[in-house]
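First residue of the sequence shown: 1, per full-length UniProt numbering; consecutive thereafter. For each residue, glycine too, the CB sits at the ideal point set by N, CA and C. Here's the structure we're looking at; comments come further down.
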Amino acid sequence: MDATDYSRHITIHVATAYLPDQSEPEAHRFVFSYQISITNNNADSVQLLHRKWRITDGNEHVQEVEGEGVVGEKPVIEPGQTYEYTSGTVLATEVGSMQGLYGMEAADGSPFNALIPPFTLALPNALH
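Shown next as structure tokens:
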């Protein structure tokens, strides 16, 4: 199985929330959480080794974030299993978006990327 096959069999779902208690709109500080679910639909285990995010606010200001693992972990995801975690980001605008990739490794040591599709961060009712 080549790297492309592994990537196709990773499913990523995202749920977002605006955190008004941590935000300060008058100071252009809008805090959002995002919960990620990563499902391994491959026949072998995979390990998430690093992440790369592209965060864009409503002013088209782009921030790139890279790092090892997620929330301090480099999880091994067994076949048919789902790994979930919650993290957050701060935007200067009430609407923005994120997208990125997870650098993964197949059980045989082959590296591959699992793409994180773009998703929107927005205050409730900010988008019609």
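Cβ distance (whole Å) where residue i is taken to contact residue j below 8 Å
i: T7; j: F112; result: A small correction: the amino acid at residue 7 is Ser; Thr does not occupy that position in the sequence shown. With 8 Å as the limit, S7 and F112 qualify as a contact, their Cβ atoms being about 5 Å apart.
i: residue 129; j: G88; result: Residue 129 is absent from the structure shown; the chain starts at 1 and stops at 128.
i: T16; j: L121; result: 5 Å
DSSP bridge partner residues for residue i (one or two, in chain order)
i: T89; result: F32
i: K52; result: E66 and L101
Spatially closest choice to residue i from the options, by CA coordinates
i: M104; options: E73, T56 and A92; result: E73
i: M98; options: N125, E60 and D108; result: E60
i: I46; options: D108, L115, L123 and P117; result: With the sequence shown as reference, residue 46 is identified as Val, and Ile is not the correct amino acid for it. Of the candidates D108, L115, L123 and P117, the one whose C-alpha sits nearest the C-alpha of V46 is D108.
i: H13; options: A126, A114 and L49; result: A114
i: A27; options: E66, L91 and P79; result: L91
For residue i, the three-state DSSP class (helix, strand or coil)
i: E66; result: strand
i: A17; result: strand
i: P111; result: strand
i: E60; result: coil
Any chain D beta carbon closer than 8 Å to residue i
i: T16; result: Absent from the structure: chain D. Only one protein chain is present.
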